[in-house]
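If you're matching them up, the sequences are chains A and B in order.
Those letters in the first sequence? Residues 1 to 295, by the working numbering.
Those letters in the second sequence? Residues 296 to 510, by the working numbering.
Built from N, CA and C at the ideal position, the CB exists for glycine as well.
Report on the following structure.
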Amino acid sequence: MRSLRLISLIPATALVLSLAACGGDDNDKNVTTPVAKPSFAAGTRMADILAAGKLTVGTKFDQPLFGLKGLSGKPEGFDVEIAKLIAAKLGISEDKITFVESVSANREPFLQQKKVDMVVATYTINDKRDKIVDFAGPYFVAGQDILVAKGNPKGITGPETLKGKKTCSVSGSTPAATVQEKYGLSTSELLLVDAYSKCRDALANGQVDAVTTDNVILSGYVSEAPDKFELLGKPFSQEPYGIGIPEGQEPFCDFINKVLKDAVADGSYEKAFKATAGKVIQTTPTLPEPHGCDK
Amino acid sequence: MNDVLDNLDVFVKGFRTTVSLTLLAAIGALLLGTLIATMRVSPVPPLRWAGAAYVRLVRNTPLTVVFFLVVFGLPEVDVKLPFFRFAVLALSIYTASFVAEAVRSGINSVPPGQAEASRSIGMTFGQTLRLVVLPQAFANIVPPLASVFIALLKNTSIASAFFVFEGVQSMNQLINAHGNAVLSIIAAAALGYLVLALVSAFLFSLLERAVSAGR
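As C-alpha cells, then:
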C-alpha cells in the first residue's frame with residue numbers, strides 16, 4: 001500500500017514541476033487550474049494542506065444551484081465552485097478535492113473533529129455556530145422569501161400573512177426557525193420535511209399554501225415551472241453564507257477571505273456564479289463585507 | 296447539556312406526537328393485521344390469496360416508499376388528509392403486514408383440536424376464531440408483537456421527513472438553533488426513543504404476565 005502511494009505521487013510531482021517550469025501564470029483565470037507553486041509560511045494550515053496535496057470539503061449534495069450531486073456523481077453548484085477556487089489557490093487541483101456530504105446536522109461535528117478542512121454548504125453564519133467553528137466569508141447573502149402557487153390564490157403578501165395557512169419548509173433549517181420564532185407560526189401551520197423538493201410537490205398539489213426558504217432555492221423552482229409557482233420577491237431576512245473552518249485557524253480564514261477578494265477582482269467569482277446560481281438569479285452579487293476572522 | 300434542558304419543551308412536544316403516532320398506528324395495524332391474518336387462514340381461497348399478497352407486497356416495501364405513496368400518491372386521486380393522518384395511515388399499512396405474520400404464527404400455534412372441537416359443537420368460522428382461536432393466539436404472540444410495536448415506535452421517525460413534527464423534527468429544530476451542542480442534542484433524542492421503547496417493553500412484559508396468569 002505504501003509503495004503504491006509513493007508511485008502515485010510521481011506523476012503528481014512531475015505535474016507540479018512541469019507547471020512550475022511554465023512560470024507562475026498569475027493571469028490565469030481558469031478556476032480549475034491550481035496555482036503553480038504557492039508558498040506558505042511553515043506551520044500554517046495552508047502549508048499543511050499543500051503538503052498533504054489534498055483538500056476535504058463538506059458540502060450539500062441536495063441543494064440545487066449550490067451543491068447538488070446529480071447523475072454525474074460529482075456535486076455541482078456555487079458552493080462547489082467556491083471550494084474549487086480556494087483549492088486552486090492552495091495549489092490543489094480539482095481531482096484532489098474530496099467532497100463529503102454535509103447535511104445541516106453534521107457540519108459542526110465534521111469541523112470539530114477535523115473530518116473536513118472546510119465546509120461550504122449554504123452555511124449561514126450565526127453567533128451560536130461561531131462559538132465552536134470559525135467562518136471565512138461570507139461569499140453570498142441570500143434572503144428568505146416565500147413561494148406560492150401561480151396567481152397567489154391565498155393572497156399571501158409576506159411572512160406576517162402566513163398565520164392560519166399551511167407553510168412548508170425543511171426541518172431544522174434557519175428559514176423554518178425564522179417563521180416560527182419571528183412570525184409565530186405554530187407546528188400545525190408550519191409543516192416540515194427533509195428536502196425542499198417535497199415542499200414544492202406539496203405546493204403543486206395544493207396540500208400546502210406556501211413554501212419558505214432562501215430566495216435562491218425558490219427561484220430554481222420558479223424557473224423549472226413558471227406556470228405553477230410564483231415568488232413573492234420580497235426577501236425578509238439576511239442569510240450570509242460563510243465558509244466554515246475549524247476554530248483557531250485565523251490565518252487560514254484570512255487567506256480564504258483574500259482568495260474571495262481576488263476572485264472578484266479577476267472575474268473568477270462572477271464566472272463561478274454565472275455557471276451555477278446565476279442561471280436563475282440574473283445579477284451577480286457583490287461580495288459581502290467579510291465577517292471577520294478574529295471572532 | 297444546558298441546551299437540551301433549556302429546550303426540553305420542544306423535545307416533549309415532539310415526542311408527544313411520536314407517542315400518539317405510535318399508539319394510533321399500533322391500533323390501526325393491530326386491527327388491519329388481525330384482519331389479514333384471518334383472511335390468510337380463512338376457508339375462502341381468494342381471501343387467502345389476497346391476505347398473502349398483502350403481506351408479500353407491503354412487508355417487502357421500504358417504509359419510506361410506503362410514505363411516499365400515501366402522502367404524495369393519495370392526493371393524486373383526490374384523497375387529501377392532514378399529514379398526521381397520512382402518517383398514521385402509512386405506518387398502519389406497513390406495520391399491519393408484520394402484525395399479520397405474528398398473528399398468523401399465533402393462530403398456527405393453537406392446536407387444531409381446538410378449532411375442530413368448536414366446529415363440532417356447532418360454532419361458525421367467525422365464532423371459532425373470535426371465541427376460541429384468537430384469544431389463545433394473542434396470548435402466545437405478546438413477545439413478537441412487542442418487537443413489532445417497538446419497531447413501529449422507531450419507525451415513526453420516518454414521519455419527520457413527511458410533514459409531521461415529531462421526535463426527530465424537534466431534534467432537527469434544536470440542532471439548527473444550537474450549532475454548538477449538536478451531539479448532546481442527538482444523544483438526548485436517542486435517549487428519548489430509548490426511554491419510550493423501554494417503557495413499552497415494560498408494559499408488554501406486564502401484559503405477558505397477565506395473559507400467562509390467565510391460563
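State buried or exposed for residue i, treating a residue as buried only when at least 16 other CB atoms are found within 10 Å of its CB.
i         : result
Thr33(A)  : exposed
Lys166(A) : buried
Val339(B) : exposed
Ser268(A) : buried
Val208(A) : buried
Asp301(B) : exposed
Phe497(B) : exposed
Pro226(A) : exposed
Thr98(A)  : exposed
Arg335(B) : buried
Lys198(A) : buried
Ala21(A)  : Confidence is the limiting factor: at Ala21(A) the pLDDT is only 43, short of 50, which leaves the residue's position unreliable, though a coordinate-based value still follows. Counting Cβ neighbours within 10 Å, Ala21(A) comes out exposed, since fewer than 16 surround it.
Asp214(A) : buried
Lys29(A)  : With a pLDDT of 38 at Lys29(A), under the threshold of 50, the modelled position of that residue is not reliable, and the figure given next carries that caveat. Its Cβ having fewer than 16 others within 10 Å, Lys29(A) is exposed.
Relative to the alpha-carbon of residue i, which residue among the options has its alpha-carbon at the smallest distance?
i         : options                                       : result
Gly346(B) : Val443(B), Val394(B), Ser455(B) and Val405(B) : Val394(B)
Lys228(A) : Lys74(A), Leu90(A), Ala149(A) and Leu68(A)    : Ala149(A)
Pro251(A) : Ala136(A), Asn205(A) and Thr178(A)            : Ala136(A)
Val179(A) : Tyr123(A), Gly143(A), Ile125(A) and Asn152(A) : Gly143(A)
Asp254(A) : Thr161(A), Gly206(A), Glu76(A) and Thr44(A)   : Thr44(A)
Leu162(A) : Lys258(A), Pro288(A) and Leu232(A)            : Leu232(A)
Phe362(B) : Leu469(B), Asn450(B) and Gly474(B)            : Asn450(B)
Asp194(A) : Val477(B), Ile480(B), Ser465(B) and Gly323(B) : Ser465(B)
Ala275(A) : Glu76(A), Ala42(A) and Gly53(A)               : Glu76(A)
Leu384(B) : Ile470(B), Leu319(B) and Pro406(B)            : Leu319(B)
Glu181(A) : Asp145(A), Ile256(A) and Pro159(A)            : Pro159(A)
Pull up the DSSP beta-bridge partners for residue i, would you.
i         : result
Ala149(A) : Phe229(A)
Ala142(A) : Glu239(A)
Thr213(A) : Asp145(A)
Ser173(A) : None, per the DSSP bridge assignment.
Pro75(A)  : Lys69(A)
Leu192(A) : Ser169(A)
Leu55(A)  : Ile97(A)
Phe457(B) : Val193(A)
Gln63(A)  : Gly67(A)
Ala480(B) : Before going on, a small fix: residue 480(B) reads as Ile here, not Ala. Note: Ile480(B) sits in no beta bridge, so no partner.
Starting from the beta carbon of residue i, find every residue of chain A whose beta carbon is closer than 8 Å, and list them in chain order.
i         : result
Ile470(B) : Ser104, Ala105 and Gly172
Pro370(B) : Asn205, Gly206 and Gln207
Using a Cβ cut-off of 7 Å, pull out every chain B residue sitting near residue i, in sequence order please.
i         : result
Leu191(A) : Phe378 and Phe458
Pro109(A) : Val477 and Leu478
Closer than 8 Å by beta-carbon distance: list the chain B residues that pair up with residue i, in chain order.
i         : result
Thr187(A) : Lys308 and Phe460
Arg129(A) : Gly474 and Asn475
Ile146(A) : None at all; the shortest Cβ gap to chain B is about 18 Å.
Ile132(A) : Gly474 and Asn475
Run down chain A in chain order and give the residues with a C-beta less than 7 Å from the C-beta of residue i.
i         : result
Phe367(B) : Asp201
Val422(B) : In the sequence as displayed, the identity of residue 422(B) is Gln instead of Val. The contacting residues do not exist; Gln422(B) stays about 45 Å from chain A at best.
Chain B partners of residue i, CB-CB under 9 Å?
i         : result
Ala177(A) : Gln468, Asn471 and Ala472
Ile217(A) : Result: empty, since nearest Cβ-Cβ is about 16 Å, beyond 9 Å.
Ile92(A)  : Here the premise fails: no neighbours, minimum Cβ distance about 27 Å.
Mind pulling the chain A residues with CB within less than 9 Å of residue i?
i         : result
Ser455(B) : Ser171, Leu192, Val193 and Asp194
Lys561(B) : No information on residue 561(B) is available, as it lies outside the stretch 296 to 510 that chain B covers here.
Quiz prompt | the region 232-248 of chain A / the region 106-119 of chain A touching (three or more Cβ pairs under 8 Å) | solution = yes
Quiz prompt | Cβ pair count under 8 Å reaching 3, the region 397-410 of chain B against the region 423-433 of chain B | solution = Enough Cβ pairs lie closer than 8 Å, so yes.
Exercise. Pair every Cβ in the region 370-377 of chain B with every Cβ in the region 203-217 of chain A, then say whether three or more of these pairs are closer than 8 Å.
Key: Yes, the region 370-377 of chain B touches the region 203-217 of chain A.
Quiz item: Taking contact to mean at least 3 C-beta pairs separated by less than 8 Å, is the region 56-72 of chain A in contact with the region 90-104 of chain A?
Solution: yes
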